[in-house]
Amino acid sequence: MLESVLEYGRELLLAAGEMEATATSHLEHYAEVAARSRDEIRSRGQEPWLRRLRREHDNVRAALAWAVERGQVDAGLRLAGAMWPFWNYDGYRREGRDWIERLLAVGGPVTPAVRAQALHAAGRLAEDESPAAAIAWHEESLAIFSQLDDVRGRAEALRGIALAAGNGGDHARAVSLLEEAVSLLRGLDDPALLASALMSLGVAVAHHEGPGRSRPLYEEALALRRAAGDALGTALCLINLGGQARASGDLELATDRLEEAVVIARRLGSPYYLAAALANLGDLARTRGDVPGAAKRYREGLRLFAGHGERAGAAVCMRWLGWVAWNEERPVLAARLYGAAEELCPVAIAPDSAERATHERACAELGQRLGGERYRTAYEAGRGLSVDEAVAEASGRRV
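When we follow numbering that gives the first Met the number 0, the leftmost residue of the sequence shown carries the number 0, and every step to the right adds one.
Below you can see the structure in the form of structure tokens.
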């Protein structure tokens with residue numbers, strides 16, 4: 000019914016010759032709204048702005064569709080480039096990236112600063128699933144920000160390259176780039192961005208050197224997030240601190256940090272952050288040897304990730320549900336889930352990570368248990384599952 004009403008309204012505007020002006024005004028309005036939201040969404044205004052953007056999301060989509068249709072690329076990219084924090088928080092990464100790619104494909108003149116911000120947004124939205132593409136976008140944005148002498152933009156681009164490089168397994172490069180970004184940001188009055196860079200540096204250091212040096216970086220970031228009133232940023236810091244505590248053997252602290260993150264994410268209705276916290280609680284249960292507890296958390300995380308098209312997060316949960324199946328003496332299911340996870344997102348676990356080593360060891364044990372041919376058959380069958388079929392199988396049901 001709503002679509003019919005909207006289409007009728009569109010026809011009336013077209014008949015009156017007012018469609019172009021009305022739609023252009025609509026696009027400009029939402030570009031301004033998104034620009035205001037970009038900083039507010041990382042401060043005490045976060046909760047009302049999230050509610051507003053959720054209410055207005057269909058209007059934003061309509062504005063972006065008009066920009067693509069009519070070639071209003073500069074305004075469309077201004078809107079999309081400012082929307083990425085919301086798309087990130089609420090689990091619309093793939094959709095947001097698609098909008099930016101469609102606008103870039105239209106071509107036409109674009110203000111350099113607008114193009115740089117849109118490329119940065121595309122890179123941030125792609126970094127988990129397509130690190131090579133993300134690096135290319137961030138490097139182009141870095142070149143433009145450098146030409147514009149935009150220090151904040153340079154720091155954001157450096158962080159973006161580092162995040163994608165880390166996801167691809169190059170943690171040494173990630174650490175170097177993030178140290179440069181942190182140095183730049185300490186010279187600016189932008190505590191929100193500094194907190195983000197410190198947190199990312201903590202993750203990179205943990206992968207490159209071990210968890211020890213990451214904790215003070217996470218703690219500094221957490222203090223900045225709390226002071227700014229950035230609840231979801233606080234949740235992400237807590238998730239990373241929970242992971243650091245687990246890796247260091249402090250399981251009680253890990254539990255406290257992760258459960259607080261779950262409470263925040265549930266309160267603000269962020270499926271992506273909630274899924275990330277639940278997946279980390281699954282890791283914690285796995286560390287304790289609690290197979291049923293791990294299964295419950297991974298399944299919750301998988302449902303949320305997959306439901307919002309987050310293939311990387313879904314693949315991580317799927318892999319660990321393969322571990323659950325292996326520990327439940329269901330080796331064929333384990334092999335199928337490993338295959339499904341690999342098909343979902345091959346780069347979801349970095350090549351040099353401890354998780355990758357655990358995964359490969361489990362695959363080898365499964366191969367010995369089932370026999371090479373039977374294992375390969377089950378693994379390839381898992382790769383052939385659709386996303387819905389794989390999620391259903393991992394959840395213990397059939398589609």
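Glycine included, each C-beta is placed from N, C-alpha and C at the ideal position.
A quick note: this is a predicted structure, and the numbers were derived from the prediction, not measured.
| Check | Outcome |
| --- | --- |
| Who are the near neighbours of Trp86 in its chain, counting only those whose CB is closer than 7 Å to its CB and skipping five residues on each side? | Arg92, Glu94, Gly95, Leu124 |
| Just to confirm my understanding: we take Leu176, look at its own chain, exclude 5 residues before and 5 after, and list those with CB closer than 6 Å. What are they? | Leu157, Ile160, Ala161 |
| Between which two residues does the alpha helix (DSSP H) containing Val59 stretch? | 45-69 |
| Might you give, ordered along the chain, the residues of its own chain that have their beta carbon closer than 6 Å to the beta carbon of Val72, omitting 5 neighbours on each side? | Leu102, Val105, Gly107, Val109 |
| For Leu301, which of helix, strand or coil comes out of DSSP? | helix |
| In the DSSP assignment, find the unbroken alpha helix (DSSP H) run with Tyr378 in it and report its ends. | 371-382 |
| In angstroms, rounded to a whole number, what distance separates the CA positions of Tyr297 and Glu19? | 48 Å |
| Starting from the Cα of Leu469, find the closest Cα among Glu258, Gly268, Ala305 and give me that residue. | The requested residue 469 is not part of the displayed model; the chain covers only 0 to 398. |
| Distance check for Gly381 and Gln367, CA to CA, integer angstroms please. | 18 Å |
| Less than 7 Å between C-beta atoms, sequence neighbours within five positions excluded: which residues of the same chain meet that for Arg185? | Leu193 |
| Less than 7 Å between C-beta atoms, sequence neighbours within five positions excluded: which residues of the same chain meet that for His170? | Ala203, His206, His207 |
| Compute the Euclidean distance between the alpha carbons of Ala393 and Leu187, then round it to the nearest angstrom. | 47 Å |
| Express the C-alpha separation of Ser182 and Leu369 in angstroms, rounding to a whole number. | 52 Å |
| Quick check: what's the CA-CA separation for Asn326 versus Val290? | 7 Å |
| Below 6 Å CB to CB, which residues in the same chain sit around Arg335 once its five sequence neighbours on both sides are set aside? | Ala377, Ala380, Gly381 |
| So Gly292 and Phe304 are supposed to be a Cβ contact under 8 Å. How far apart are they, rounded? | Their Cβ separation, rounded to whole angstroms, is 19 Å, which puts Gly292 and Phe304 out of contact at 8 Å. |
| Go ahead and label Ser36 buried or exposed: buried means 16 or more other beta carbons lie within 10 angstroms of its beta carbon, across all protein chains shown. | buried |
| Is any heavy atom in the ligand ADP found nearer than 7 Å to the beta carbon of Leu252? | The ligand ADP is not among the ligands present in this structure, which contains no ligands whatsoever. |
| Roughly how many angstroms separate the alpha carbons of Ala163 and Gly201, rounded to a whole number? | 15 Å |
| Going by Cα to Cα distance, which pick from Leu235, Gly168, Arg212, Asn166 is closest to Ala191? | Leu235 |
| Quick one: Cα of Glu155 to Cα of Pro84, how far? | 13 Å |
| Let me know the secondary structure DSSP gives Ile40 once reduced to three states. | coil |
| Compute the distance between the beta-carbons of Leu277 and Arg256, then report whether it is under 8 Å. | no |
| Under the rule that 16 or more other beta-carbon atoms within 10 Å means buried, what is Arg266, buried or exposed? | exposed |
| Since Val105 is in the alpha helix (DSSP H), which residue starts that stretch and which ends it? | 92-105 |
| According to DSSP, is His307 helix, strand or coil? | coil |
| How many whole angstroms separate the CB atoms of Glu100 and Ala133, which I take to be in contact at a CB cut-off of 8 Å? | At roughly 12 Å, the Cβ-Cβ gap does not stay under 8 Å, so Glu100 and Ala133 are not in contact. |
| Which ranges would you report for the alpha helix (DSSP H) in the segment 266-346 if only whole runs of at least 4 residues count? | 270-287, 290-306, 310-326, 330-343 |
| Is Arg151 helix, strand or coil by DSSP? | helix |
| Shortest alpha-carbon distance to Thr357 belongs to which of Ala142, Glu218, Thr286? | Thr286 |
| Have a look at Ala361 and Leu320 and give me their C-alpha separation to the nearest angstrom. | 12 Å |
| Specify, as a first and last residue, the run of the alpha helix (DSSP H) that Asp387 falls within. | 386-393 |
| Does DSSP put Arg212 in a helix, in a strand, or in coil? | coil |
| On a CA-only basis, which of Arg114, Ala79, Ala324 is nearest Trp98? Give me that one, please. | Ala79 |
| Taking only three categories from DSSP, how would you classify Val181? | helix |
| Check Ser129 in the structure and name its three-state DSSP category. | coil |
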